[in-house]
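Numbering (the working numbering), first residue to last: 398 to 669. No residue lacks a Cβ here, since even glycine has one placed at the ideal position from N, Cα and C. Structure first, then comments.
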């Protein structure tokens with residue numbers, strides 16, 4: 398609660414917050430009603446919004462700009478108990494750690510040339526898959542330039558872009574499950590004990606260091622597991638083909654002048 402005798406520096410009315418943040422008063426109230434923004438502190442029947450409100454409002458705007466739905470934003474804030482400016486900053490930092498790519502703008506004509514296809518539905522599919530974000534007429538933002546570059550390289554190998562997107566879509570589904578494992582690991586083993594201890598100020602650096610190391614380790618594990626799985630799959634697939642070829646070869650010719658005479662029986666030599 399704001400002390401009636403306290404200095405209100407840094408605190409704003411809803412109109413002042415709307416002006417400073419660029420978010421309408423109507424939306425601020427809508428965020429409050431949905432539980433995304435805590436209610437204001439009241440002093441003399443006037444609601445005031447502090448730095449924590451402003452930080453959370455900025456984060457909501459950032460996430461919405463990236464296409465994150467309000468329900469997902471609420472879950473993210475609820476999971477971390479994001480009621481303080483420090484926690485909101487933590488969420489932003491974590492997202493930046495796991496999304497270090499610099500996004501870039503691309504036009505539809507450039508996409509058509511890059512992927513050797515004039516199918517306009519490909520861009521719509523890219524948006525649906527979260528690879529692209531439409532920002533204007535025939536203009537898109539690449540969410541992951543690395544993935545887009547990989548798709549272009551596959552196209553250069555003669556693989557149709559639709560087939561490449563099929564693969565990316567399937568990999569993404571598996572990656573979502575893997576991501577949940579690591580997020581649950583961090584929440585259960587690092588965040589929850591830290592939160593239960595009252596989030597000591599001197600422990601915040603350790604939390605940031607842990608999440609950075611987890612990002613590096615999770616990437617190394619994914620690459621190692623993928624390489625191991627691909628190697629095993631190649632062994633199984635090519636081994637099956639080799640066995641099939643050996644069996645076919647050992648069966649010998651089934652017709653023609655060199656074919657064996659079934660009536661002669663096994664091991665009976667041809668007459669001289």
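query, result
"Could you tell me the distance, in whole angstroms, from the CA atom of residue 586 to the CA atom of residue 599?", "18 Å"
"With residue 503 as the anchor, note down where its alpha helix (DSSP H) starts and where it stops.", "Looking at the DSSP string, residue 503 is not in any alpha helix (DSSP H); the run it does join, the beta strand (DSSP E), is 501–504."
"Which residues mark the beginning and the end of the alpha helix (DSSP H) in which residue 444 is found?", "Unbroken run through residue 444 is the beta strand (DSSP E), 443–445; no alpha helix (DSSP H)."
"Assign residue 440 to one of three DSSP states: helix, strand, or coil.", "strand"
"Evaluate residue 590 with the Cβ neighbour count: other Cβ atoms within 10 Å of its Cβ, from every protein chain shown; 16 or more gives buried, anything less gives exposed.", "exposed"
"Using 8 Å as the threshold, is the C-beta distance between residue 522 and residue 551 below it?", "no"
"Suppose only complete runs of 4+ residues qualify. What are the alpha helix (DSSP H) ranges in the region 550–621, listed by chain order?", "558–583, 589–593"
"Let me make sure I understand the geometry here. Which of 577, 529, 592 has the alpha-carbon closest to that of residue 500?", "529"
"Does DSSP put residue 431 in a helix, a strand or coil?", "coil"
"Residue range of the alpha helix (DSSP H) that residue 523 falls in?", "518–525"
"Please report how far the alpha carbon of residue 641 lies from the alpha carbon of residue 623, in whole angstroms.", "27 Å"
"Return the CA-CA distance between residue 526 and residue 566, expressed in angstroms with no decimal places.", "7 Å"
"What residue does the alpha helix (DSSP H) around residue 533 start on, and which one ends it?", "It is not in any alpha helix (DSSP H) - residue 533 instead sits in the beta strand (DSSP E) that spans 529–533."
"If you draw a straight line from the alpha carbon of residue 573 to that of residue 420, how long is it in whole angstroms?", "32 Å"
"Roughly how many whole angstroms lie between the Cα atoms of residue 471 and residue 442?", "28 Å"
"Under a three-way DSSP split, which group does residue 536 fall into?", "strand"
"Excluding the five sequence neighbours on either side, which residues of its own chain have a C-beta within less than 6 Å of the C-beta of residue 408, listed in chain order?", "445, 447"
"I'd like to check one pair, residue 532 with residue 538: are the Cβ atoms closer than 8 Å?", "yes"
"Sort out for me which residues DSSP pairs residue 409 with in a bridge.", "446"
"Could you tell me whether the region 627–636 touches the region 509–524, using the rule of 3 or more Cβ pairs below 8 Å?", "no"
"So, residue 503 versus residue 453, is the Cβ gap smaller than 8 Å?", "no"
"To the nearest angstrom, how far is it from the Cα of residue 429 to the Cα of residue 612?", "33 Å"
"Out of curiosity, what's the CA-to-CA distance linking residue 410 and residue 435?", "14 Å"
"Just verifying my parser: in three-state terms, what is the DSSP assignment at residue 634?", "helix"
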